[in-house]
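Position in the sequence shown counted from 1, then plus 238, gives you this note's numbering. Don't be surprised by glycine CBs; every beta carbon is placed ideally from N, CA and C. If you're wondering where the values come from, they're calculated on a predicted model, not measured in any experiment.
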Amino acid sequence: MSSYQLQTEIEIDATPDQVWAILTDFTAYPEWNPFIKYIHGLPQHGARLEVRIQPSGAGGMTFRPSVLMTDAGRELCWLGRFLLPGLFDGEHRFVIEPLASGKVRFRQSEQFSGVLVPVFRGSLERDTKRGFEEMNQALKARAEASHALDNGEL
């Protein structure tokens with residue numbers, strides 16, 4: 239079985255709780271997220287989500303992953319599958335790592351596995367990775383604006 243991993247990261251001037259609040263406020267995704275157009279469901283272990291992704295300049299897809307893990311302020315992970323297990327599976331992970339006071343490293347990754355990975359590898363590296371990076375930038379902008387407001391900087 240083939241596998242492929244994408245990983246992106248960005249530093250954000252905000253607290254883990256501020257980033258987590260934005261990341262798990264699924265109803266607000268259409269307001270700010272250029273990659274994940276919407277998520278319906280709750281960020282709770284075992285929950286089933288409905289997720290619509292669409293990287294800029296590429297077609298979109300909707301899938302129904304299961305939440306594998308949530309650790310408030312630190313990590314959210316889900317597993318999505320295309321049709322049958324082992325065909326094209328993706329374990330998506332958001333990790334918030336505290337850095338210096340009031341800063342975090344946000345890491346977004348996905349481990350793809352299955353017999354169809356070689357077929358999709360080019361679009362994963364090009365389109366999906368671009369979607370990750372665009373979302374990271376948008377999350378950074380939203381979190382840093384919220385952080386500035388919370389600290390009376392604006």
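P336 in three-state terms, based on DSSP: strand
Cut-off 6 Å between Cβ atoms - residues of its own chain near G328, not counting five sequence neighbours on either side: G318, E348, F350
Sub-8 Å separation of G340 and T262 beta-carbons: no
Three-pair Cβ contact test at 8 Å for the segment 304–315 versus the segment 374–383: no
Cβ pair count under 8 Å reaching 3, the segment 283–299 against the segment 356–373: yes
Those residues which DSSP pairs with S241 across a bridge: S351
For D365, the first and last residue of its enclosing alpha helix (DSSP H): It is not in any alpha helix (DSSP H) - D365 carries neither H nor E in the DSSP assignment.
Unbroken stretches of the alpha helix (DSSP H), 4 residues or longer, contained in the segment 243–283: 254–261, 267–270
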